[in-house]
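**Student:** Numbering (the working numbering), first residue to last: 1445 to 1926. Before anything else, here's the structure in question.
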Amino acid sequence: MRERIGNLSRRELLQLFGVSVGASLAGQAAWPKKIQAQSRKVTPRKNARNVIFIQNCGAMSPPECLDFRESKFTAKDLDIQKVNSDFVISKTIFPNYEKWAPKVSLVRSMYENSLVHFSAQYHTQAGRALNAAILREIPALGSVIAYELDSERRGSDTFPTFLSFDLWNARCPQIGSGMLHPRFAGLDINTASVFDAFGGSEDDSAAKNSVLAERWEVLGRMSEVSPSAGIGGKANEYKAHYEYAYKILTDPRFKKVLNLSDEDKARYGVPKDRGAAKIGLAMLLARNVLAADAGARFLWVANTYNGGNGPADNHDQLYGRGAQAPKGAQLSIYESGPRLDAAFSSLVEDLSKMPGKEPGKTLLDETMICMIHEFGRNPEMNTNGGRDHWGACFANLFMGAGIKPGRVIGKTDGYKVTDVGWKFKEQPMMDHVTATIYSALGIDYSRKIVDTPSGRAYEYQQTAPLGGPAFIPLTDIGELFA
């Protein structure tokens, strides 16, 4: 364990124990209070108790994965298997596909205007395109969910409604609660350090909790004598973050969440993962957090590996092996696919066997899983043996909690959409994925906050986004449920 008291900064208490927080913009006087619906009447589906959002950072190549296209560039050893009449998949890339592929539905007609990783990943996290003019007041999608579901929390709930894993390591890390109260910012678990802080034997845990209590007491004494007037509302923000983190870290259920068997780690592919952030650990923790039933209902799993843009940002050596394999923050498709597949297939398998809250239902029945990419990749291979960014069409994956398995929404020729796959002429965007998540959790996505710091109404789902199409329909992706 590191030094007990020395050099303690305001955020080190959280970072030491493997958690971090996003930021909040406003002081208490500016926290919004007026919410109203837009003109259209929306009835949320409320078919999910929980959501697991898997951010597949870097944008995994559709032609090799979820929208397979054989071409002159395609490797010959991909062992293509038929899932259904509209979905074929590589067993080489996804060896355990049989555990999850028949249960999913795909949206292949997705569109993304931004082809820069930071702004496109921001779009996934905020549920709207990046607007620098009001950047600081925009909350994360998870923060809005936490805000909306706050009235459903029980006295025994100590875990935050919004909990993420390894988002700290993404190109666009946590964006925080924006104009909402700091308690909705969510906590991000760092899988590279949280086990060092809270893993081990009961004796080790007692010692670590003792250090935590000591630091908490010292921090309290510091706050009593430290002037807070100079930072205004930030004092309340820090206080809210610390109190939330302390409740979680001293809850025995958190220790149980971190209790992972060697057998489970092997099934989830942890021993083979060389990344700073291990996707198998993140998905194992997500499984255990849901099983703990301690208040966390929107879980964000960032597949970040060694940071940068993400493991799937294959501008070169997409099929590289041995000396030709990518180095650093990227992996070839022969590594990134099986790494993700081991963790994802095990998560789906476990949730399908674990009891849910309602009698006769499993956790998978009650949990919507979304696997989301920030954009697609060029159907043409570049001169470095990789695929560059492509926003005209790409695929995202959905399953669980009322999603009809086997649906493939939208058709492409690899370059462009040939059939949008739903009742609108516009292509689905991340904004519609956001509306789908809201609706599944029982949240009216037509709502808007009108008393914002900037004076601009904050719509839960925008219809005229900055930097995107002139108009997008106000809707969830209902075809996933039909």
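Beta carbons: idealized from backbone N, C-alpha and C, even for Gly.
Helix or strand or just coil, what does DSSP make of Tyr1390?
**Tutor:** Summary: the structure shown does not reach residue 1390, with the chain confined to residues 1445 through 1926, and so no result is reported for it.
**Student:** What ranges does the alpha helix (DSSP H) occupy inside the segment 1814–1859, keeping only unbroken runs of at least 4 residues that lie completely in it?
**Tutor:** DSSP runs (the alpha helix (DSSP H)) wholly in the segment 1814–1859: none.
**Student:** With a threshold of 8 Å on Cβ separation, who are the neighbours of Tyr1859 within its own chain once the five nearest residues in sequence on each side are excluded?
**Tutor:** Contacts found: Pro1823, Ala1836, Cys1837.
**Student:** Within the same chain, show all residues whose beta-carbon is closer than 7 Å to that of Phe1915, passing over the 5 residues directly before and after it, in chain order.
**Tutor:** Counting only Cβ-Cβ distances below 7 Å, and skipping sequence neighbours, we find Thr1907, Ala1908.
**Student:** Just confirm the distance between the C-beta atoms of Leu1607 and Ile1633, as a whole number of angstroms; I'd bet it's less than 8 Å.
**Tutor:** About 7 Å; that satisfies the 8 Å criterion.
**Student:** I'd like the span of the alpha helix (DSSP H) that includes Ile1723, first residue to last.
**Tutor:** Run containing Ile1723: 1723–1736, per the alpha helix (DSSP H) assignment.
**Student:** Do three or more CB pairs link the segment 1521–1534 to the segment 1789–1799 at distances below 8 Å?
**Tutor:** Judged by Cβ distances under 8 Å, the segment 1521–1534 makes no contact with the segment 1789–1799, as fewer than three pairs qualify.
**Student:** Taking the alpha-carbon positions, what's the Asp1640 to Pro1715 distance?
**Tutor:** Cα-Cα distance, rounded: 16 Å.
**Student:** For Pro1799, name the three-state secondary structure that DSSP assigns.
**Tutor:** In this structure, Pro1799 counts as strand in the three-state DSSP scheme.
**Student:** Would you mind reading off the limits of the beta strand (DSSP E) that contains Ser1600?
**Tutor:** First-last for Ser1600: undefined, no H or E at that position.
**Student:** Can you tell which of Ala1689, Leu1702, Ile1619 has its C-alpha closest to the C-alpha of Ala1636?
**Tutor:** Here the closest residue by C-alpha is Leu1702.
**Student:** Which of the three DSSP states is assigned to Asn1494 in this structure?
**Tutor:** If DSSP states are grouped into helix, strand and coil, Asn1494 belongs with the strands.
**Student:** Taking Val1638 as part of the alpha helix (DSSP H), name the residues at either end of that continuous run.
**Tutor:** Here the alpha helix (DSSP H) through Val1638 covers 1638–1642.
**Student:** Decide if the segment 1764–1772 is in contact with the segment 1781–1790; the criterion is three or more beta carbon pairs, one per stretch, under 8 Å apart.
**Tutor:** Touching, no, given that fewer than three Cβ pairs across the two stretches are closer than 8 Å.
**Student:** Taking contact to mean 3 or more Cβ pairs, one atom from each stretch, closer than 8 Å, check whether the segment 1805–1822 and the segment 1565–1577 are in contact.
**Tutor:** Because the criterion of three Cβ pairs below 8 Å is met, the segment 1805–1822 and the segment 1565–1577 touch.
**Student:** Please report the Cβ distance between Tyr1749 and Gly1719, rounded to the nearest whole angstrom; I am assuming they are in contact, meaning their Cβ atoms lie under 8 Å.
**Tutor:** The Cβ separation is near 4 Å, so the contact holds.
**Student:** List the whole-angstrom C-beta distance separating Asp1888 from Pro1604, where the pair is believed to meet the contact cut-off of C-beta under 8 Å.
**Tutor:** With a Cβ gap of about 22 Å, Asp1888 and Pro1604 do not count as contacting.
**Student:** Here's the rule: buried if 16 or more other CB atoms are within 10 angstroms of the residue's CB, otherwise exposed. What is Leu1924?
**Tutor:** It counts as buried.
**Student:** I'd like the ranges of any beta strand (DSSP E) spanning at least 3 consecutive residues and lying wholly in the segment 1495–1544.
**Tutor:** Segments of the beta strand (DSSP E) lying fully in the segment 1495–1544: 1524–1528, 1531–1534.
**Student:** Given Asp1920, which residues of its chain have a CB within under 7 Å of its CB, disregarding the five upstream and five downstream residues?
**Tutor:** His1876, Ala1879, Thr1880, Ser1883, Tyr1889.
**Student:** Might you give, ordered along the chain, the residues of its own chain that have their beta carbon closer than 8 Å to the beta carbon of Asp1832, omitting 5 neighbours on each side?
**Tutor:** Answer for Asp1832: His1759, Arg1821, Asn1822, Asn1826, listed in chain order.
**Student:** According to the Cβ coordinates, are Lys1547 and Pro1872 closer than 7 Å?
**Tutor:** No, Cβ-Cβ distance for Lys1547 and Pro1872 is not below 7 Å.
**Student:** Between Ser1600, Leu1910, Ala1584, which lies nearest to Pro1617 when the distance is taken from Cα to Cα?
**Tutor:** The residue with the shortest Cα to Cα distance from Pro1617 is Ala1584.
**Student:** What does DSSP give as the partner residue(s) for Ser1608 in the beta ladder?
**Tutor:** In the DSSP output, where bridge partners are listed per residue, Ser1608 has Asp1632, Trp1744.
**Student:** Could you give the C-beta distance for Phe1609 and Val1745, rounded to a whole number, given that I count them as a contact under 8 Å?
**Tutor:** That pair is a contact at about 5 Å.
**Student:** Helix, strand or coil: which one does DSSP assign to Ser1558?
**Tutor:** Residue state, collapsed to three classes: coil.
**Student:** Given Lys1709, which residues of its chain have a CB within under 8 Å of its CB, disregarding the five upstream and five downstream residues?
**Tutor:** These residues qualify, in order along the chain: Pro1715, Gly1724, Leu1725, Leu1728.
**Student:** What's the C-alpha gap between Gly1804 and Ser1553?
**Tutor:** So the alpha carbons of these two residues sit roughly 35 Å apart.
**Student:** Enumerate, from N- to C-terminal direction, the unbroken alpha helix (DSSP H) stretches of 4 or more residues contained entirely within the segment 1550–1595.
**Tutor:** Runs found: 1561–1570, 1585–1592.
**Student:** Grouping DSSP H, G and I as helix and E and B as strand, with all else coil, what is Lys1485?
**Tutor:** Lys1485 falls in the coil class under three-state DSSP.
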